[in-house]
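Report on one structure; see the data block that follows.
Residue numbers (the working numbering): 5 to 275.
Quick look at the structure:
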């Protein structure tokens with residue numbers, strides 16, 4: 005498995021059987037530009053361009069590639085690279101967590117929820133959407149230099165756990181589409197900042213329960229958690245705090261789950 009560049013690792017023990025870790029994974033994408041330019045060279049060679057000219061062209065491309073923007077046709081390749089980076093990143097992060105806990109085990113990915121082969125710990129992953137670092141040249145040309153994502157892993161020995169890491173707020177039109185009437189009624193009465201923070205936490209709780217119970221997206225996002233909003237608002241008073249709040253009954257499994265909000269890590273765990 006390719007090695008990803010993991011930074012900003014933060015480990016958290018939630019209880020005696022549940023641990024999580026978050027990190028950022030990043031990778032240079034300059035090689036994608038080089039690959040595109042190389043394909044152009046091969047295309048020119050098919051039209052009887054001399055070998056000498058191709059070598060000269062490649063030399064110029066290598067010299068000036070940092071000053072080139074990613075070609076439009078490379079955007080799908082960047083998206084594929086991002087997904088691959090996230091897939092590898094969370095699995096590498098799991099290995100870092102297992103090493104931290106001195107657990108020698110491997111991941112069974114044959115069915116959901118994921119489990120470790122020997123210890124049978126439950127495993128859940130999360131990552132943010134596509135992100136990139138960019139710079140602007142003197143000609144106001146935007147150049148993308150790195151792909152990056154925030155990633156998170158939780159393992160639990162007792163039962164399935166869900167985790168969600170989100171870097172951005174949830175757009176209000178998306179909230180109105182998926183949230184229950186009771187949730188919307190409360191959220192609309194809040195100040196803009198408080199509403200955005202609370203709506204985001206609700207989204208993360210919903211996403212986490214989707215992973216715990218293998219709900220469909222529409223089913224999970226449509227669940228009514230309006231009774232949690234007072235606790236979420238209270239939690240939001242300390243924006244950078246890590247909090248454990250509100251037990252919540254899971255009607256599908258007839259069990260009570262706990263919810264942890266690691267605000268500085270932009271992460272919510274249901275366990």
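We treat Cβ as the ideally placed atom computed from N, Cα and C, and that holds for glycine.
Keep in mind it's a predicted model, so treat the numbers as computed, not measured.
On the CB-based measure, 16 or more other CB atoms within 10 Å of its CB, does residue i come out buried or exposed?
i	result
residue 101	buried
residue 116	exposed
residue 212	buried
residue 120	buried
residue 140	Caution is warranted here: a pLDDT of 43 is assigned to residue 140, below 50, making its placement in the model unreliable, and the coordinate value is therefore given only provisionally. Residue 140 comes out exposed.
residue 179	buried
residue 215	buried
residue 221	exposed
residue 236	buried
Relative to the C-alpha of residue i, which candidate in the options has its C-alpha closest?
i	options	result
residue 131	164, 117, 172	172
residue 15	7, 21, 26, 9	26
residue 227	269, 164, 183	183
residue 89	109, 105, 155, 224	155
residue 270	10, 205, 197, 128	205
residue 79	151, 235, 233	151
residue 114	238, 127, 237	127
residue 186	170, 229, 159, 176	229
residue 177	265, 167, 191, 161	191
residue 201	215, 238, 181	238
residue 11	220, 82, 93	93
residue 169	19, 21, 28, 107	28
residue 133	224, 225, 91	91
Which whole-angstrom value describes the C-beta separation of residue i and residue j, a residue pair presumed to lie in contact below a C-beta threshold of 8 Å?
i	j	result
residue 30	residue 96	Not a contact, Cβ separation roughly 13 Å.
residue 160	residue 22	4 Å
Roughly how many angstroms separate the alpha carbons of residue i and residue j, rounded to a whole number?
i	j	result
residue 17	residue 218	24 Å
residue 24	residue 267	14 Å
residue 265	residue 273	7 Å
residue 275	residue 181	27 Å
residue 83	residue 153	12 Å
residue 233	residue 105	34 Å
residue 251	residue 210	14 Å
residue 118	residue 188	33 Å
residue 225	residue 208	10 Å
residue 195	residue 86	35 Å
residue 123	residue 109	7 Å
residue 129	residue 112	13 Å
In the DSSP assignment, find the unbroken beta strand (DSSP E) run with residue i in it and report its ends.
i	result
residue 94	Taken as a continuous stretch (DSSP letters only), residue 94 belongs to no beta strand (DSSP E), being part of the alpha helix (DSSP H) at 79-104.
residue 166	166-169
Which residue comes first and which comes last in the alpha helix (DSSP H) that contains residue i?
i	result
residue 197	196-217
residue 232	Per DSSP, residue 232 belongs to no alpha helix (DSSP H) and is neither H nor E.
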